[in-house]
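**Student:**
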C-alpha cells in the first residue's frame with residue numbers, strides 16, 4: 002500500500018511520467034491530467050487514470066496499475082475496472098491504453114491464459130521495474146520509480162545521486 006501512495010504522488014505531480022514507459026506516447030502527453038478514479042458498482046478503484054486534455058486530437062485514456070505484491074486476480078480486476086470505466090464514459094474517449102507496473106516479473110499472476118489476447122495486444126504494456134537497469138542511468142522520473150524497489154538504506158544512498 003505504501004508504494005501506491007508514492008506512485009499516486011509521483012503521477013499527480015508529474016503526469017507525463019507514465020508516458021516515459023510507453024513506446025508511442027500521445028502528442029499531448031504533457032497535458033494529460035492524472036486522477037485516481039473510483040468506479041461505483043462494486044467499488045473498484047483504478048490506481049491511475051490519465052485523462053487527455055479536451056482539445057487533444059485523439060482522446061486516448063491511459064490506465065495505470067502499480068503492483069508490488071502477488072495478486073492472482075490482478076488481470077481480472079484490472080480489465081474489469083477499465084471496461085467499466087470505458088462503459089461509463091463511452092462517448093468521451095476513442096481509445097485506451099494500459100500500463101501495468103510490477104516491482105518484478107515474479108509478481109505477475111501465474112495464469113495468463115484467459116487474458117492472453119489482451120496482454121499480447123498493443124494496448125497493454127507490462128513494465129518490470131527491476132529489469133529497467135541501473136537507477137543512475139535512467140531519466141529522473143524513472144529513477145524515482147526504481148527507488149521504490151530498493152531496500153530503505155540502499156534507496157537513501159541511491160537517492161543522493163539525484
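Numbering (our numbering), first residue to last: 2 to 163.
Where a beta carbon is used, it is the ideal one built from N, C-alpha and C, also for glycine.
These numbers come from a predicted model, not from an experiment.
Tell me whether the beta-carbon of residue 12 lies closer than 8 Å to the beta-carbon of residue 19.
**Tutor:** Yes.
**Student:** According to DSSP, which residues form a beta bridge with residue 235?
**Tutor:** Any answer about residue 235 is impossible in this case: the structure gives the chain only from 2 up to 163.
**Student:** Under 7 Å Cβ to Cβ from residue 1, same chain only, skipping five residues before and after it: list those, please.
**Tutor:** Absent from the structure is residue 1, since the part of the chain shown begins at 2 and ends at 163.
**Student:** Short of 6 Å in beta carbon distance, which residues of its chain neighbour residue 73, apart from the five on each side in sequence? Order them along the chain.
**Tutor:** Closer than 6 Å at the Cβ level, and outside the excluded window around residue 73, lie 110.
**Student:** What's the call for residue 168, buried or exposed, on a 16-neighbour Cβ count within 10 Å?
**Tutor:** This structure gives no information on residue 168, because the portion of the chain shown stretches from 2 to 163.
**Student:** So what's residue 78 in DSSP terms, helix, strand or just coil?
**Tutor:** Three-state result, residue 78: helix.
**Student:** Rounded to the nearest angstrom, what separates residue 114 and residue 161 at their Cα positions?
**Tutor:** Rounded to whole angstroms, residue 114 to residue 161 spans 42 Å at the Cα level.
**Student:** Which of the three DSSP states, helix, strand or coil, is assigned to residue 69?
**Tutor:** If DSSP states are grouped into helix, strand and coil, residue 69 belongs with coil.
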